[in-house]
Ligand SMILES: Cc1ncc(C[n+]2csc(CCOP(=O)(O)OP(=O)(O)O)c2C)c(N)n1
Ligand code: SF4
Ligand SMILES: [Mg+2]
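Protein chains in written order, with our numbering: chain C, -1 to 409; chain B, 1411 to 1768.
Written out as structure tokens, the structure is:
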């Protein structure tokens, strides 16, 4: 959990403000503070409230940017992609099938080394049409070189957006980054958020500098010529090298964030809740953490030693650290708000990744159970969490459990 | 332009902003006054590997020369990317970037927006920089049409979209596109035992689509590489007039059209002289026909028969007399029935379209 207390002297110095805002508004404010140059919008719920806020900031003269409403998501992402290569700091975003409509632009951006920062308001993919949260939209780019993070409250959304620009635009990185916010639960829910002062953000976030990769008449380069079998492998290897560096850059930026703003996130990659003495843990991403925490407290009153791990960064996936964390427990239950039909053990995406990380990185390998839960915006209830915990405890006792179970399903 | 709104509640005129469109100056490129005045500097040079006598490559060279060094070029996927810009042997002497097949419109918009905002914020030297995105007919008239259309509605970004038209998806081995001529034999429309004509759609009339659909766009025109000086000067005009502009260029393609490379230039001329490819520009809403097209319209030049053009190309080798006649009748219609001859396909009275049996 983010600590929201600042040393008094720091607070005095920086004139931080506090406001009751939604997750989407928090990201819009972060864009203003980051002095973003080009923003592109296209309507799709639930991400698009961020664009309503930005449009208002522009109309009110609070934010100076090119604000372009595109004719579809493909153009929306292509516009910022090109703007970024010409040196502009950019922002855009989407949800569900909108994100998929932009897929070509999303695919080419990592190799083009475009540090676009996007918000995904996670939404179920059509069909059937549904507005509620599911993580398959953002996860669709997981193999392509994007950085992917899931946040769980409005404060974290604002802070992560600032961190995102520092990480993505770092010369060692230069890759696109998506901040996932659960549709409705975060995009549209208000919370008290501390808004840092502009001068402070300026100090934390230098101007984006593309250096010798800038497309400009003073720097005559040809970007992305046809390479074929001669060079493609070497070019792919460069993106691989980015992922090798990603964890250390992220760690560095979080440390600097803590120093600048006084809000410290501890381990950037995942957050542990009551795990110290836990026998079993649940692991998941995004806003389901609120319910899980409530359930964990309740279960502990009943003497069940359960904890929770909330994964913050999915790409990079901090495999060794996650394995080291999870090897301490007798059993692990992974809650996936997504599906990966036909995957090994038919589990969700996160469970499959966790198992893979454990296979190589853990000295003992407790059972890792996969739960598919909360699809299409269905609530993950306290009762669901209790049920999952009971199953994980059974596994901890050595009673074999199915590796994938759907929780909260009718019938 | 003064933008005043009437504030009803306050009951007074309330000036909210002074302009609708925030115009940025362009480089104001004057026309080259004759071939001898054209500069020697090339910004599209050796290094490409397009076919011999490729007219699409020719327009790249003319376009870069016309625009000069303070230019950014985006190139959509197609022959002019794949055959043109290989890793380690780029022919581009101006900054160039590959853009996706359907992204000429959105790419140009992104570049223009980035330049504009950074110049405004003092992050980049304030100067007019030409932004050109080129695409082929597949990229522009088919896949990227919506993005180009959207971009042409943005009056405050200075940019040019140049669509080179070799009348097929050439790079992927010559398939029909929305601009392939009626009846053409391509690898997706080869004549067979039962069907002689597999491609029975008429070529999209792209420039007028842009003209009619985007009333604030200040310049739309057609050009041909067989008239290089005029082509360069029209490109300079499109880059100078301000706002987003569009040019459609016809480019004979020896491989796709199946002709001897020695005929490239001549086929470009024949396309104009038969009335198949009209040359015109629409500048601030005013239509000027130019070159031989103007003479055709004025009755000073009699259109050559389309047969002269069609039979020089292998892609029409399967045509029988009926096909040639049909083709001719459709071109005659352009010049005799259309409200704006050669340009706008609205007719006073609708006549039955009667193609020959396939
Ligand atoms: C999204 C997408 N679909 C298909 C292709 C395959 N493709 C590559 S080049 C090309 C031909 C493009 O034709 P055109 O725009 O007319 O340019 P030309 O090759 O004729 O110069 C196609 C279809 C692609 N690159 N991207
Ligand atoms: S196929 Fe046609 S357009 Fe492509 S390089 Fe050859 S001549 Fe030029
Ligand atoms: Mg083509």
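Positions of the beta carbon are idealized from the N, C-alpha and C atoms, including for glycine.
This one's a predicted model, so the numbers in the text were calculated from it and none came from an experiment.
May I ask you to check if the CB of residue i is nearer than 7 Å to at least one heavy atom of ligand 3?
| i | result |
| --- | --- |
| residue 1576 of chain B | yes |
| residue 1548 of chain B | yes |
| residue 1597 of chain B | no |
| residue 93 of chain C | no |
| residue 1580 of chain B | yes |
Does residue i come out as helix, strand or coil in the three-state DSSP assignment?
| i | result |
| --- | --- |
| residue 68 of chain C | coil |
| residue 343 of chain C | helix |
| residue 1473 of chain B | helix |
| residue 1574 of chain B | strand |
| residue 1423 of chain B | Reliability fails at residue 1423 of chain B, whose pLDDT of 44 lies under 50, so the model's placement of it is uncertain and no value is given. |
| residue 1699 of chain B | strand |
| residue 1687 of chain B | coil |
| residue 358 of chain C | helix |
| residue 458 of chain C | No information on residue 458 of chain C is available, as it lies outside the stretch -1 to 409 that chain C covers here. |
| residue 1710 of chain B | coil |
| residue 1612 of chain B | coil |
| residue 1529 of chain B | helix |
| residue 180 of chain C | strand |
| residue 189 of chain C | strand |
| residue 1416 of chain B | Residue placement at residue 1416 of chain B is poorly supported in this model, since its pLDDT is 40, which falls under 50; the coordinates are not used for a value here. |
| residue 394 of chain C | helix |
| residue 1693 of chain B | strand |
| residue 158 of chain C | helix |
Which residues in chain C have a C-beta closer than 7 Å to the C-beta of residue i? List them in chain order.
| i | result |
| --- | --- |
| residue 1497 of chain B | 223, 224, 225, 228 and 229 |
| residue 1374 of chain B | Because chain B spans 1411 through 1768 in this model, residue 1374 of chain B falls outside it and cannot be assessed. |
Taking 7 Å as the cut-off, is the beta-carbon of residue i closer than that to any non-hydrogen atom of ligand 2?
| i | result |
| --- | --- |
| residue 1466 of chain B | yes |
| residue 1665 of chain B | yes |
| residue 1589 of chain B | no |
| residue 1594 of chain B | no |
| residue 1460 of chain B | yes |
| residue 1493 of chain B | yes |
Can you list the residues of chain C that residue i reaches, using a CB-CB cut of under 9 Å?
| i | result |
| --- | --- |
| residue 1569 of chain B | Simply none; closest approach about 11 Å. |
Relative to ligand 1, is the shortest distance from any of its heavy atoms to the C-beta of residue i smaller than 7 Å?
| i | result |
| --- | --- |
| residue 1507 of chain B | no |
| residue 213 of chain C | no |
| residue 1635 of chain B | no |
| residue 102 of chain C | yes |
| residue 1487 of chain B | yes |
| residue 1545 of chain B | yes |
| residue 55 of chain C | no |
Let me make sure I understand the geometry here. Which of the options has the alpha-carbon closest to that of residue i?
| i | options | result |
| --- | --- | --- |
| residue 1447 of chain B | B/1467, B/1476 and B/1542 | B/1476 |
| residue 97 of chain C | C/74, C/78 and C/111 | C/74 |
| residue 88 of chain C | B/1520, B/1707 and B/1586 | B/1520 |
| residue 1549 of chain B | B/1562, B/1743 and B/1580 | B/1580 |
| residue 1657 of chain B | B/1450, B/1734, B/1630 and B/1720 | B/1630 |
| residue 22 of chain C | C/154, C/379 and C/340 | C/154 |
| residue 351 of chain C | C/204, C/123, C/41 and C/313 | C/313 |
| residue 337 of chain C | C/300, C/373, C/354 and C/151 | C/373 |
| residue 362 of chain C | C/309, C/339 and C/318 | C/318 |
| residue 1566 of chain B | B/1652, B/1714, B/1729 and B/1716 | B/1652 |
| residue 1615 of chain B | B/1739, B/1687, B/1768 and B/1452 | B/1687 |
| residue 1694 of chain B | B/1625, B/1599 and B/1666 | B/1625 |
| residue 1765 of chain B | B/1753, B/1706 and B/1736 | B/1736 |
| residue 1493 of chain B | C/271, C/173 and C/223 | C/223 |
| residue 1451 of chain B | B/1478, B/1467, B/1463 and B/1466 | B/1478 |
| residue 1713 of chain B | B/1666, B/1518, B/1639 and B/1680 | B/1680 |
Which chain B residues sit within Cβ distance under 7 Å of residue i?
| i | result |
| --- | --- |
| residue 367 of chain C | Chain B residues near residue 367 of chain C: none, gap ~42 Å exceeds 7 Å. |
List, in order along the chain, the chain B residues whose C-beta lies closer than 8 Å to that of residue i?
| i | result |
| --- | --- |
| residue 217 of chain C | 1505 |
| residue 53 of chain C | What residue 53 of chain C touches in chain B: nothing, since even the nearest Cβ is about 16 Å away. |
Is there a C-beta anywhere in chain D that falls below 8 Å from the one on residue i?
| i | result |
| --- | --- |
| residue 1556 of chain B | The chain inventory of the structure shown lacks chain D, comprising the protein chains C and B. |
Applying a beta-carbon distance threshold of less than 9 Å, which residues of chain B neighbour residue i?
| i | result |
| --- | --- |
| residue 72 of chain C | 1510, 1512, 1513, 1516, 1556 and 1557 |
The segment 34 to 44 of chain C touching the segment 56 to 72 of chain C, judged by at least three CB pairs closer than 8 Å
yes
Three or more C-beta pairs closer than 8 Å, one from the segment 1635 to 1646 of chain B and one from the segment 1609 to 1620 of chain B: is that the case here?
no
Is the segment 75 to 88 of chain C close to the segment 123 to 140 of chain C, with three or more CB pairs under 8 Å?
no
Three-pair Cβ contact test at 8 Å for the segment 189 to 197 of chain C versus the segment 1478 to 1492 of chain B:
no
Is it a yes or a no for the segment 1668 to 1688 of chain B touching the segment 1718 to 1726 of chain B, going by three-plus beta-carbon pairs under 8 Å?
Yes, they touch.
Below 8 Å, how does it come out for the segment 168 to 185 of chain C and the segment 218 to 233 of chain C: are there three or more Cβ pairs, yes or no?
no
Whether or not the segment 1513 to 1531 of chain B and the segment 1559 to 1574 of chain B are in contact is what I'm after, with contact meaning three or more pairs of Cβ atoms, one per stretch, closer than 8 Å; do they touch?
Taking a contact to require three or more Cβ pairs closer than 8 Å, the segment 1559 to 1574 of chain B and the segment 1513 to 1531 of chain B qualify as touching.
If you pair each beta-carbon of the segment 1488 to 1499 of chain B with each one of the segment 1458 to 1476 of chain B, do three or more pairs fall below 8 Å?
yes
Within the chosen definition, does the segment 270 to 284 of chain C reach the segment 296 to 308 of chain C through at least 3 CB pairs nearer than 8 Å?
yes
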